[in-house]
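In this note's numbering, the protein residues as written are 2 to 661. Right, one structure below, let's go through it.
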């Protein structure tokens, strides 16, 4: 090729790269350098351009003309293409970044021209800030294409038979006969306008055979009411979480018109690819001894890895884990108290705190918990604390660690009567700087009852009045912003820990703290971090843009954290939150760096607001936009902070980690 022709080709390649993501984020000099070594290749229809399932490519390809068919699943190459690319599309970079042959396979659909670029001159485009945006959009697109899942993805797919429906007045002996004829383990009880109740095999055996209830007893006196119901179009993963969270055996399924179409139980979920294997929860609930419970609980991490591998989203896997931890705790309480005839499980309500209270517990999460007693049990609480200590020992044997900071019902500060909790919570609101008020407030507003009275726990009732205490609002915001998101500290660099990232302390907790405060400031009782961010979005202290950024950041960090801990478990190591940055693939490191920047940006904005306005103004500005605040001490400053140009940065994620 003549020099003139070579220059013309280089110019064409440079123009192509400068016009399409992510190469347009490269400097002119880098584009020119890449164009100088780029090579133009031509492919006939049906020719393979790159098969990144067979090997990791040594080049990255850019489509110059024509159309390319792509497959993202090696097991489905025999089927039609999952996607089609045209001019400007990059090929092969996914496997290069992951350092694993993870696909895709690209085949020319028409006569196609591509530019082949050596990895070393093209890789910089994908690790830049613009590259992070491109990767995020690409991964979102691929996720959507892969979402066309096989059968058993909706509850409707699991329903096997028409429902058995009886009236409230139907005698239980007749109910049992009909259940036997239909070979069904349940019967729905129609309770008129009130909805439906549920009678199960287990309830009939317990109430009629064990307790001696008359066989002519109406079904309405035996049923569990109200029965848990879900729509037929609910995804199986969400339905499973609903079942675990409600601690029920069956879910009644309603059609689009509101009529019953059937019911599903835990065993039905074994058909679903994203929920298979979770029958372990049924085994946990039915454990007859502590040894049985420990054996089943020890299998949970492997089950979580299976759920993630089958395609259940990381946030749903974590929610499933939290629900199963609830089941383990309930069973541990039941087994421990079964050996203590002098103590009653009716005396107290067990509250999950911290990450499990928010339904965000991962494998390494400590169990934070508290109990609240009816006032008449005040003198007996010391005896109960001994039993709670035994519960803690069982949980430890199950592989669930107990909070090292004594946030557990065996300790005095976490087992009180309703009146004592009310007085303490009021004290924390009135003077949050005393008696670790801020710490206790953060713990107790995450409280979720999992055993005993399911109603709102006493401390949460008090904190529903949070906005009436401007000083506490201001102090809690300052405390929430004190834990800044960062990749590493000066101390880390000095001590040689600069390449280790604490994903919980430096990434997740800053988001958790901001979300908790933001939700309280708008009067929301939401517990889950992303739900808190969504309900607070649009307020003056948390714009829609900031809330979106934090939701995306939280989801991406939780995915990396879960995958990290599952790998540690598989290798026989104790799960932790310390990620060695040197062991990450370029894309994973990019995810962390970009995520930390996003969190820090939101924190800086909220910090400016906090310094510009008083506690009362924070209360007023915490109200959703559109409601006039009582006062607005610094409206111009707050508005200016909110009107910073939006950087539409979406975080990368979804690729499986490369080989460590």
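No residue lacks a Cβ here, since even glycine has one placed at the ideal position from N, Cα and C.
Query                                                                                                                             : Result
Coil, strand or helix - residue 73 by DSSP                                                                                        : coil
Reduced DSSP category for residue 417 - H, G, I as helix; E, B as strand; rest coil                                               : strand
Helix, strand or coil at residue 310 according to DSSP, with G and I counted as helix                                             : helix
Residue(s) in a DSSP beta bridge with residue 450                                                                                 : 352
Exposure of residue 640, with buried meaning 16 or more beta-carbon neighbours within 10 Å                                        : Because the pLDDT at residue 640 is just 34, under 50, the model does not fix this residue reliably, and the value given afterwards should be weighed accordingly. Residue 640 comes out exposed.
Beta bridge counterpart(s) of residue 505 as assigned by DSSP                                                                     : In the DSSP output, where bridge partners are listed per residue, residue 505 has none listed.
Distance between residue 571 and residue 252 (C-alpha atoms, nearest Å)                                                           : 33 Å
Classification of residue 260 by the beta-carbon crowding that lies within 10 angstroms, buried from 16 upward                    : exposed
C-beta atoms of residue 164 and residue 240 nearer than 8 Å                                                                       : no
Three-way DSSP call (helix, strand, coil) for residue 17 in this model                                                            : helix
Candidates 43, 16, 44, of which the one nearest residue 33 by Cα                                                                  : 16
Where residue 593 falls, given that 16 or more other Cβ within 10 Å makes a residue buried                                        : buried
Top-ranked residue by Cα proximity to residue 14, from 292, 26, 41                                                                : 41
Under the three-state DSSP convention, the category residue 396 falls into                                                        : helix
Residue range of the beta strand (DSSP E) that includes residue 199                                                               : 197-201
Between the CA atoms of residue 313 and residue 307 - distance to the nearest angstrom                                            : 9 Å
CA-to-CA distance, residue 581 to residue 504, given in whole angstroms                                                           : 10 Å
Unbroken alpha helix (DSSP H) run spanning residue 513, endpoints                                                                 : 510-522
Which of helix, strand or coil DSSP assigns to residue 657                                                                        : Note that residue 657 scores 35 on pLDDT, short of 50, meaning its location in the model is unreliable and no value can be drawn from it.
Residue of 212, 181, 23 minimising C-alpha distance to residue 135                                                                : 23
Of the listed residues 231, 207, 480, 200, nearest to residue 221 (C-alpha basis)                                                 : 200
Distance, residue 518 Cα to residue 442 Cα                                                                                        : 11 Å
Contact the stretch 394-404 vs the stretch 533-545: 3+ CB pairs below 8 Å                                                         : no
Touching by the beta-carbon criterion (3+ pairs, under 8 Å), the stretch 184-193 and the stretch 207-215                          : no
Nonlocal neighbours in the same chain, by C-beta distance under 6 Å from residue 527, ignoring five residues either side          : 520, 533, 536
Cα-Cα separation between residue 364 and residue 560, rounded to whole angstroms                                                  : 13 Å
Chain-order list of residues whose beta-carbon lies under 6 Å from that of residue 227 (same chain, five-residue window excluded) : 196
Classification of residue 511 by the beta-carbon crowding that lies within 10 angstroms, buried from 16 upward                    : buried
C-alpha gap between residue 506 and residue 568, whole angstroms                                                                  : 20 Å
Whether residue 551 touches residue 601 by CB criterion (8 Å)                                                                     : no
Residue environment, residue 67, which counts as buried when at least 16 other CB atoms sit within 10 Å                           : buried
Neighbourhood of residue 407 by C-beta distance below 8 Å, restricted to the same chain and skipping five residues each side      : 414, 415
Any non-hydrogen atom of the ligand NAP within 7 Å of residue 378 CB                                                              : Of ligands this structure carries none, so the ligand NAP is not represented either.
Span separating the alpha-carbon of residue 542 from that of residue 484                                                          : 18 Å
Boundaries (first-last residue) of the beta strand (DSSP E) holding residue 181                                                   : Taken as a continuous stretch (DSSP letters only), residue 181 belongs to no beta strand (DSSP E), being part of the alpha helix (DSSP H) at 173-183.
Rounded separation between residue 643 and residue 508 - CA only                                                                  : With a pLDDT of only 36 at residue 643, under the threshold of 50, the placement of this residue in the model should not be trusted; the figure read from the coordinates follows. For residue 643 and residue 508, the distance between alpha carbons rounds to 23 Å.
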